[in-house]
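Asker: Position one of the sequence shown corresponds to residue 564 (my numbering), numbered consecutively onward.
Each residue gets a CB set at the ideal place from its N, CA and C atoms; glycine is no exception.
Computed from a predicted model, the values in this text were never measured in an experiment.
My structure is below; once you've seen it, I'll send some questions.
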Amino acid sequence: MNDLIGKKIENYHIVSVLGKGGMGVVYEAIDEKLNRKVAIKVLNSSQIANKAHVIERFRSEARNHAQLLHPNIVTVYGFLEFDNQFAIVMEYVEGESLEKVILRNKRLHVHDIVYITLQLLEGIGYAHSKGYIHRDIKPSNIIVNSEGVVKIMDFGISKSLYEDKPKTKTGAKVGTVYYMSPEQIKGQPITPLTDIYSIGCTVYEMITGLPPFFSENEFDVMDGHLHKEVIPVYESTPKLSAELNRVLSRLLSKDPTKRYQSCNETIIAFHFLDQFLKESELDYFEHKKSKRILSRKKSIIGFSLLIVVFFALVIFVFFQVKDFMKNRGYSIFEDGNTAKIAQLDIDSSIVFSEAIA
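Structure representation (structure tokens):
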């Protein structure tokens, strides 16, 4: 589908390829009417077996996504049909996917995790308030722009809570296995709590570099979501590790009723976590500061004692030498001549004594 580069579709001039997937290609383009960059997602329906179903799902993505106007959700501008092809025109975001951010950094700093997650929750919470469940939240569907703003994309399998008829068969598994909730895997009815679980999987990956259940065998991954406990995360301090694991245990509960019951409730939990981090860091720096002060005091005391010992030793040696010289018939004076006179007097006394004898 690279043959679109350089071509013009309606008022959009195709510039380059931004990314490719199994169902199509995303291009960078210029909207010549409004003189702005856009992203155009073109469906590659020719290589898909159930063409009619995929095209309808693609239209549904455009319709659902177009209803959502929020700073943390990529904006949809329009839908195109040309040469038996279909495309969604979207906001162009200067940044990279959270997936790439994690791959580059291996794991993110807790402050960055809280910052990204709060924005993710704001965007998904807004979608829920409009009656839409994303159903496929994962790092590759989250873009972080150059200013650190999170943008959620790809509402291709999103579900409207107000639809009369479901677009997927009952029991069908919809989503990406690493981030699927247990109820998704079981094919049970989907609620906003499914997105809460997927957000938990994404948070876990930001902390550790891997999703909570990782295997090349998707059945092992699904078994993990259904039956296995998540391996606890470890951070710089035991208290921080305990607090993070407490939040994750709620997000990743296999029982939906034990999860945070809304994005708003989860936002409150992450604000508490953010405050906990600030207090922990303050305690840490105060502890380090007090240790430095104590260390400095110990150094001063040690140096003072060293000086006292040195002078005591000098005085001791001085008096020892003085006694020694006195016993040998010498007087210790600063003036060398005086010392010679004293010695002369002693010698004269000795001569006089010998004469008498």
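Leaving out five residues on either side along the sequence, give the residues of the same chain with a beta carbon under 7 angstroms from the beta carbon of G763.
Answerer: L811, L814, L815
Asker: So, helix, strand or coil for K791, using DSSP?
Answerer: K791 carries a coil assignment under DSSP once its states are collapsed to helix, strand and coil.
Asker: With respect to the beta strand (DSSP E) encompassing V510, which residues constitute its N-terminal and C-terminal limits?
Answerer: The structure shown does not extend to residue 510, since the chain is modelled only from 564 through 920, so no value can be given for it.
Asker: From what residue to what residue does the alpha helix (DSSP H) around E779 run?
Answerer: Element bounds for E779: n/a, residue is neither H nor E.
Asker: Any contact between the segment 676–689 and the segment 613–621? By contact I mean 3 or more CB pairs, one from each, below 8 angstroms.
Answerer: no
Asker: May I have the straight-line CA-CA distance separating V639 from A625, to the nearest angstrom?
Answerer: 7 angstroms
Asker: Buried or exposed for D818, please, with buried defined as at least 16 other CB atoms from any protein chain shown within 10 angstroms of its CB.
Answerer: Exposed.
Asker: Is Y575 buried or exposed, if buried means 16 or more other CB atoms sit within 10 Å of its CB?
Answerer: buried
Asker: Let me make sure I understand the geometry here. Which of D646, L684, G658 has the alpha-carbon closest to that of H834?
Answerer: L684
Asker: Which of helix, strand or coil does DSSP assign to S661?
Answerer: It is Leu, not Ser, that sits at residue 661 in the sequence shown. Helix, per DSSP.
Asker: DSSP three-state call for L840: helix, strand or coil?
Answerer: Looking at L840 - three-state DSSP - the assignment turns out to be helix.
Asker: On a Cα-Cα basis, can you pick out the residue from S703, N708, N827, Q838 that is closest to A690?
Answerer: N827
Asker: Applying the criterion that 16 or more other CB atoms from any shown protein chain within 10 Å of the CB defines a buried residue, is Y797 buried or exposed?
Answerer: exposed
Asker: Less than 8 angstroms between the CB atoms is what I'm expecting for I759 and R809, so what's the real figure, rounded?
Answerer: In fact, because the Cβ distance is near 15 angstroms, the residues do not count as touching under 8 angstroms.
Asker: Quick one: what does DSSP say Q648 is sitting in, helix, strand or coil?
Answerer: strand
Asker: Kindly confirm or deny that the segment 700–709 and the segment 764–777 touch, where touching means at least three C-beta pairs closer than 8 angstroms.
Answerer: yes
Asker: Return yes when the Cβ of A592 is within less than 7 angstroms of the Cβ of I577, no when it is not.
Answerer: yes
Asker: So, M653 versus V664, is the Cβ gap smaller than 7 angstroms?
Answerer: no
Asker: Kindly identify the DSSP beta-bridge partner or partners of M653.
Answerer: A602, V639
Asker: Considering only C-alpha positions, which residue in the set K714, K693, Q648 is nearest to E659?
Answerer: K714
Asker: Going straight from the alpha carbon of L581 to that of L661, what length do you get?
Answerer: 15 angstroms
Asker: Please work out which residues of its chain come closer than 6 angstroms, Cβ to Cβ, to P755, disregarding the five sequence neighbours upstream and downstream, and give them in chain order.
Answerer: H691, I696
Asker: Quick one: using the 10 Å Cβ neighbour count with 16 as the cut-off for buried, is H788 buried or exposed?
Answerer: buried
Asker: Looking only at DSSP bridge pairs, what is K714 linked to?
Answerer: I706
Asker: DSSP three-state call for K669: helix, strand or coil?
Answerer: Coil, per DSSP.
Asker: Please state the DSSP three-state secondary structure of H576.
Answerer: Strand at H576.
Asker: Quick one: what's got a C-beta closer than 8 angstroms to F645's C-beta in the same chain, skipping five residues either side?
Answerer: Residues of the same chain with a CB within less than 8 angstroms of the CB of F645, apart from the 5 flanking positions on each side, are I572, E573 in chain order.
Asker: Nearest-angstrom Cα distance between V589 and S623?
Answerer: Rounded to whole angstroms, V589 to S623 spans 18 angstroms at the Cα level.
Asker: Would you report the Cα separation of Q838 and E806, rounded to the nearest angstrom?
Answerer: 11 angstroms
Asker: Just how far apart, CA to CA, sit K693 and G686?
Answerer: 11 angstroms
Asker: Beta-carbon within less than 6 angstroms of K570's beta-carbon, same chain only, minus the 5 sequence neighbours each way: which residues are those?
Answerer: Closer than 6 angstroms at the Cβ level, and outside the excluded window around K570, lie I577.
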